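Here the structure is laid out as structure tokens; the discussion comes afterwards.
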Amino acid sequence: MLKRLIVPLLLQLVGVFVFLSGFFPQKNVLSGDASFTIETKIQENTKPPFDKLVLVVIDALRSDFLYNEVNSGFSFVHSKINSGEGWGYTAYSNPPTVTLPRLKGITTGSTPSFLDAILNVAEDDSSSNIKDQDSWPRQFHNHGFKLRFFGDDTWLKLLPNDIFDKYEGTNSFFVSDFEQVDLNVTRNIPEQLNESKEWDVLILHYLGLDHIGHKGGSNSTFMPAKHREMDGVIERLYNNMKDDTLMIIMGDHGMNDVGNHGGSSAGETSAGLVFLSKKLAGYDRPIAQKNVKVPMTLDDPSTFQYLTSIQQMDLVPTISSLFNVPIPKNSVGVLIPEFIQLLNKKVANIKIMENYKQLLDVAKEIDVQNYLSEFKVSKKIDTSIIINKMKGIQQDLIRNATDYNYDNISVGYGVLLIATIIAIICAIKIMHFGPPFALTMAISILLGLSCFGSSFIEEEHQLWWWIITALVVFGYIHSTIIGNRKFKLYFIVFVCLRLIRGWNNTGQQTTYSYVISNILEAKSSLLWALNIWTVFILCMRGFKKNPTSFISSFTLGMMVLTYKMNWSIVNKESVPEYLHEIVRKYCEIYTGTHNDSVFEDALIPMATLFFQSISSICFIKIMAVMLKMQKSDTLLNDMSKYITLLLIFLSSSSNIPQFLIFEILRYCIIKIVQDQYDSSIYIVSLISLILQNFTFFQFGGTNSIATIDLVNAYHGISENYNIYVIGGLMVMANFAPAIYWTMLAWGILYKSVKSKTDTFVKCKIPYVLFNCIVGCSLLAACIALRYHLFIWSVFSPKLCYYAGWTLFMNVIVGCLLEGFLVSLV
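If you read the sequence shown in my numbering, its first letter stands for residue 53, the second for the next number, and so on.
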């Protein structure tokens with residue numbers, strides 16, 4: 053019996069990850085460093101327009117943060133743009149819009165690999181660095197420029213550190229810190245200004261604005277102060293610059309209204325970019341900037357397209373030309389036209405020709421020599437024609453950026469197809485052709501077909517809402533037909549589902565202001581009353597059967613509440629004053645101090661104590677059952693309570709009351725399943741499957757990287773970054789509601805059955821069947837639409853989420869964890 057589960061599950065796992073290795077291969081790049089190839093002597097002896105570069109990267113600096121009349125607090129930058137000393141742009145950041153691939157694009161000029169978005173979290177990973185690739189920092193170093201860097205240590209992981217004379221990195225993933233992380237960069241400025249003769253390039257990368265976005269969204273109350281702080285840094289640097297210094301202020305990407313990024317929405321891909329220099333005032337400013345004053349408003353603010361729009365990678369050939377170094381080999385950027393006037397006519401023509409030849413080399417076009425010979429004969433160049441031709445090549449290169457490994461794709465899909473056939477055969481033998489089998493197949497086919505539409509993937513939560521609504525309606529009709537009406541239970545179920553439906557913004561196309569979580573955040577007394585009730589009700593579950601477990605769960609519950617309150621206080625969230633004082637006393641006990649920083653000082657010790665306590669309690673409970681020192685009949689209920697408390701610990705404060713609704717819903721579902729369906733294994737399994745997916749989206753999840761919850765992955769983490777711990781907490785935080793509903797079967801199916809192994813296998817077969825069918829459709833969609841406009845922004849993230857569901861939810865939680873606990877019962 054167990055083989056019927058293990059074989060298709062393992063084949064599915066192997067097939068998916070072999071497919072991923074072919075679909076997300078490491079991108080092929082040209083090796084070596086570029087050199088001047090056209091009129092070499094002239095270029096080598098040309099004096100560049102600028103001799104110093106100051107690059108200020110403000111992480112997640114969306115275009116409206118720089119230019120919008122309402123959102124922008126960069127008053128000094130505005131004054132320089134209006135005076136002509138600043139040229140402003142909106143730079144398109146190619147998805148995925150996360151720091152690692154965007155920094156690759158900013159330094160090499162190349163298109164990002166989607167694999168970089170995944171490796172963005174893996175700070176210890178070295179497979180994504182560009183230490184052996186050509187980049188403008190590497191070219192600057194090779195040509196005698198002295199570089200210094202301070203800020204996000206992603207730069208230090210990407211580039212060889214020996215190109216910097218001095219450097220200091222700050223950690224980019226402690227997203228709850230948006231003050232000290234920037235002060236650690238700014239404190240280096242006085243020394244660098246005093247030593248300005250000892251460096252040629254100064255790079256600063258600030259993370260605080262991005263962290264504020266992750267914590268409170270693009271309209272966070274902390275944003276205006278951060279804008280003013282960054283504007284002050286820019287003013288200080290600029291006022292100490294000489295005329296031959298160029299300052300560039302830019303964002304590596306933008307953010308959506310929720311404050312996250314990684315996807316392809318207008319807000320995420322529209323980054324601000326400003327060039328500042330006293331020398332620029334002597335040249336014609338960009339056309340879009342003439343007769344326009346900033347800050348400004350747009351007719352359609354949702355486009356985020358302020359002033360002139362360019363590709364962010366165009367920065368690379370522009371910097372290279374302005375400082376007279378070769379354009380990096382893999383760059384697909386095009387020299388920004390407005391800056392051509394800063395070069396003398398002869399050199400300008402050479403630089404344009406160099407850029408064009410370099411693009412053709414990347415594209416491996418056959419007409420390189422033909423074009424160059426024509427250029428040499430005519431001695432003339434029509435700048436606009438060549439720029440347009442380069443932009444055409446650029447678009448072709450962006451569209452064809454990835455070399456797929458079709459062998460791995462074919463093998464992976466073939467293995468998954470075999471797994472699907474086996475899963476269908478096993479399901480027919482075990483489930484027969486009854487209603488549960490038909491319903492599982494129908495849902496699987498529906499979701500599978502939806503994988504071929506980008507809008508269906510973006511709005512998948514709608515499908516699950518209608519599926520679960522239909523299930524409730526048909527369930528009630530069935531209860532009426534068999535004469536076992538349960539109107540009150542079904543009514544409560546529907547009310548619970550509707551509350552969950554309206555709790556958060558879901559999907560990627562529409563955002564609402566009046567969702568329940570936003571309302572509760574504005575009414576902190578109600579929010580924390582619900583949070584306290586949630587934990588108390590959870591701890592009371594199973595009290596009659598096992599009163600002693602209440603003590604351990606209640607102790608853990610109090611730890612969870614005090615920590616979450618303290619976390620909210622530290623992160624400037626609203627907490628009722630009476631709770632504020634209670635938490636202070638707890639913090640003073642934890643730290644043994646009474647100073648003003650007692651809340652911050654207590655965070656790590658409180659989290660550490662909770663993790664140690666829950667681990668110890670779970671271990672003692674399991675050992676007691678294994679050694680026959682305690683009855684096993686309460687093990688699953690107790691473990692589900694402990695795990696739920698851990699999930700609450702890893703959830704945002706405004707989402708905690710959902711677990712109260714989950715508990716009510718769980719109680720009603722158990723009553724309905726036991727009375728109406730005689731605890732049918734397949735019905736329980738199907739309800740669990742639907743609720744896992746439904747609540748995942750209603751908790752705030754989507755099929756976009758932009759909504760991955762990073763904030764709750766750092767509870768209890770100090771300065772010692774551990775990718776495995778962070779990764780584990782991140783996955784649990786994002787799949788928290790799905791994990792909760794995986795445990796639905798624990799309270800129904802394993803109480804009095806004789807063969808728990810058979811029950812376990814029967815319970816998991818619908819999951820395997822669903823995931824195999826949907827997986828086959830999704831992989832087929834990715835193959836068929838591999839050159840689709842949204843392949844990297846919609847289909848690829850969905851593929852990654854599917855891999856996450858397969859590995860974590862189905863294998864680790866659904867089979868390994870549940871299988872281990874069931875074996876003890």
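Idealized CB from N, CA, C, for every residue including glycine.
As the structure is a prediction and not an experimental result, all values here were calculated from the model.
A Cβ-Cβ contact shorter than 8 Å links Ile716 with Ile544. Counted as a single uninterrupted DSSP element, the stretch harbouring Leu837 is not any beta strand (DSSP E), since DSSP gives it neither H nor E.
Annotation: the continuous alpha helix (DSSP H) that includes Phe508 extends over 506-510.
Within its own chain, the residues whose Cβ lies closer than 7 Å to the Cβ of Arg537, once the five positions on either side in sequence are excluded, are Ser531, listed in chain order. Taking 8 Å as the upper bound for CB-CB distance, Asn823 and Trp857 are in contact here, some 7 Å apart.
In this structure, Val68 places its C-beta atom within 8 Å of the C-beta atom of Gly827. The DSSP assignment places complete alpha helix (DSSP H) segments of no fewer than 4 residues inside the stretch 660-727 at 687-701, in order along the chain.
Per DSSP, the unbroken beta strand (DSSP E) holding Gly221 starts and ends at 216-222. The bridge partners DSSP lists for Gln363 are Tyr144.
Ser502: member of the alpha helix (DSSP H) spanning 487-502, first to last residue. Short of 7 Å from the beta carbon of Ser496, and not among the five residues preceding or following it, lie these beta carbons of its own chain, in chain order: Leu821, Phe822, Ile825, Val826. In the DSSP annotation of this structure, the continuous segment of the beta strand (DSSP E) that includes Lys104 starts and ends at 104-110.
By the Cβ rule, the stretch 786-794 does not count as touching the stretch 455-472, because fewer than three pairs are nearer than 8 Å. In the DSSP annotation of this structure, the continuous segment of the beta strand (DSSP E) that includes Ile255 starts and ends at 253-258. Listed in chain order, the non-local C-beta contacts of Leu859 below 6 Å within the same chain number zero, local neighbours out to five positions each way being set aside. Contact between Arg337 and Gly136 is confirmed by a C-beta separation of about 5 Å, below the 8 Å threshold. Around the beta carbon of Asp727, fewer than 16 other beta carbons sit within 10 angstroms, so the residue counts as exposed. Remark: fewer than three beta-carbon pairs, one from each stretch, lie closer than 8 Å, so the stretch 586-604 and the stretch 568-577 are not flagged as touching. By the 16-neighbour rule on beta-carbons within 10 angstroms, His195 is exposed. Approximately 6 Å separates the beta-carbon atoms of Asn312 and His266; this is inside 8 Å, confirming the contact.
At the C-beta level, Asn618 and Ala654 come within 8 Å of one another. Excluding the 5 residues flanking it on each side, Gln682 has same chain C-beta neighbours closer than 7 Å at Ala676, in chain order.
Note: Asp204 is bridge-paired with Thr222 in the DSSP secondary-structure output.
Spatial neighbours of Asn134 in its own chain (CB-CB distance under 7 Å, excluding positions within 5 residues in sequence) are listed in chain order as Lys345, Val346. Under the 10 Å beta carbon count, Met405 is surrounded by 16 or more other beta carbons and is classified as buried. Under the three-state reduction of DSSP, Gly74 is assigned to helix. Trp251 places its beta carbon 8 Å or farther from that of Asp214. Take Ile402, set aside five residues on each side of it, and the residues of its chain with a beta-carbon closer than 8 Å to its own are Ile90, Glu91, Ile94, Gln95, in chain order. Spanning the alpha carbons of Cys720 and Val524 requires a straight line of approximately 12 Å.
In the structure shown, Ser807 falls within a coil segment according to DSSP collapsed to helix, strand and coil. The beta carbon of Ser705 sits closer than 7 Å to those of Leu579, Asn583, Lys616, Ser620, Glu625, all from its chain and outside the five residues before and after it, given in chain order. Scanning Phe128, Val386, Gly221 for the CA closest to the CA of Gly161 turns up Val386. By the criterion of a C-beta distance shorter than 8 Å, Phe651 is surrounded in its chain by Asn618, Ile621, Val622, Val635, Arg636, Cys639, once the five residues flanking it on both sides are discounted.
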